[in-house]
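The structure appears below as C-alpha cells.
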Amino acid sequence: MSDPLPLDSRWIAANPIPVHGGGTDKNSRGRVLAIGGSARSPGAIRLTGEAALRVGAGKAQMATLASAATLLGLLVPEAGIVALPEMAGEIGPPADALDAVLPEADAIVVGPGMASAEAAARLARTAAEQAGDEAVLVLDAAAIGCAGDLADALASLRGRLAMTPHHGELAALAGEPFEAIRADPEAIAREAAARFGAVIALKSDQTLVAAPDGTLLHYLGGGVGLATGGSGDVLAGAVAGLLARGADPLTATGWGVWLHGHSGRRMSARRGPIGFLARELLEEMPRLLPQ
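All letters in the sequence shown, in the order written, are residues 39 to 329 by the numbering used here.
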C-alpha cells in the first residue's frame, strides 16, 4: 500500500470544490437532509444542519424528534424542519414524514445526536432505500456501528457513501477490538472503505481519510480543542454540505476534515487551546472557503 498523502494546503489546492458564481440559486448549491437528535442530545442535529449551510449548501432540512422540532426551527430559521415520532427518547417508527423529503435531498446525514443503534439502523436503512439515484449518504455516530448489518441496503450506495467514525465506532464497524484500531488504524480504515465502497474519515488527534481505491489522506489535526462535545456533528454536516454542492466523496470528506481542523486552529488562536465550543467552529468555516 502507498504511504498516506498529506491533507494540507497543497492537497486542497489540487482538489478544488465546486465554486458557484453568478446565476446560482439555492437549489443548484445543493440540498442537505440531516436526520438525528434524541432527548439527551436534542441540539446535536442543529450543529450538523448549520454546518452544511456554513460550507455553502443552498438548503438544509433537519429531521428530529417532534418534541424538539419547533425549537430547532426557531434556532435555525434558515432550515426546514421535519418532525418525527419518538419512542423512549429516540426517533421512533414509523417515520413516514421522511418519505417526501428523502428523494429530494442531494446529501443525507444520519446519526448525529443518536444513542440507539436500533433507531439509527432503522433510519439509515430508510435513507439508503429511499435516497435519490445520485444522492450521497453520510453515516455518523450510532449509524456507523450498525452499518455492518445493513450491507444489503448500502450496496446500492457504493461510491456514494461516507462515514465519520472515531476509533470506537470504527471498531464496531469493522468487527475488530478497539486495540486493533489503535495498533493499525491505516489498514483497518482502508479495509472498511473497500468493504463498503465508502470514504471513511477516522477521527482522532490526527485524522485519516480512506477511500475505496486505497487512497489514504493524513491530516495532522486541528488541536486538542476539537475534542469537545458536538465537534463530530459539525464535521458530518460540513462533509454533507460539500457533497450537496457537487464535490465527490473523497474531495468533500478531505475538505470537510481540513475546514473542521483549520477552524479549530483559528479558534485556538482566538480563544485558547481548549474551551471553545463546537458551535463556534461554524463561524470560521465560511472564511476558509474559496471565493
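Using N, Cα and C, we set each Cβ at its ideal position, and we do this for glycine too. Remember, it's a predicted structure, so these values are computed and weren't measured experimentally.
Identify which residue in the options has its Cα closest to the Cα of residue i.
i	options	result
glycine 127	Asp41, Ser105, Leu281, Ser269	Ser105
alanine 153	Arg67, Val277, Ile73, Asp251	Ile73
valine 277	Ser66, Val70, Ala159	Val70
valine 247	Pro223, Met305, Gly267, Ala265	Pro223
isoleucine 83	Ile129, Asp144, Asp41	Ile129
aspartate 171	Gly59, Cys184, Arg198	Arg198
arginine 283	Pro42, Ala52, Val57, Asp41	Val57
proline 80	Leu110, Ala98, Gln99	Leu110
leucine 240	Arg233, Arg220, Asp251	Arg220
glycine 59	Arg67, Ala52, Asn53	Arg67
proline 141	Ala107, Arg308, Gln99	Gln99
Tell whether a beta-carbon distance below 7 angstroms holds between residue i and residue j.
i	j	result
leucine 85	alanine 316	yes
glycine 294	leucine 273	yes
alanine 169	isoleucine 146	yes
valine 93	glycine 261	no
serine 76	glycine 151	yes
leucine 136	valine 148	no
glycine 263	serine 301	no
alanine 249	alanine 231	yes
alanine 290	leucine 281	yes
valine 237	proline 203	no
glutamate 156	glycine 183	no
For residue i, I'd like the list of residues in its chain whose CB is within less than 8 angstroms of its CB, leaving aside the five on either flank, ordered along the chain.
i	result
alanine 166	Leu175, Leu188, Ala191, Leu192, Ser194, Leu195
glycine 311	At residue 311 the sequence reads proline, which differs from the glycine that was named. Gly261, Val262, Gly263, listed in sequence order.
arginine 163	Leu188, Ala191
isoleucine 50	Gly292, Trp293, Trp296
Answer with buried or exposed for residue i, where buried requires no fewer than 16 other C-beta atoms within 10 angstroms of its C-beta.
i	result
leucine 258	exposed
lysine 97	buried
Give every residue of the same chain whose Cβ lies closer than 6 angstroms to the Cβ of residue i, excluding the five residues on either side of it in the sequence, and list them in chain order.
i	result
proline 123	Gly130
Enumerate, from N- to C-terminal direction, the unbroken alpha helix (DSSP H) stretches of 4 or more residues contained entirely within the segment 104-157.
104-113
Taking only runs that begin and end inside the segment 269-300, name each unbroken beta strand (DSSP E) of 3 or more residues, in chain order.
none
Start-end ranges of the alpha helix (DSSP H) lying completely within the segment 198-229, minimum 4 residues:
205-212, 216-221
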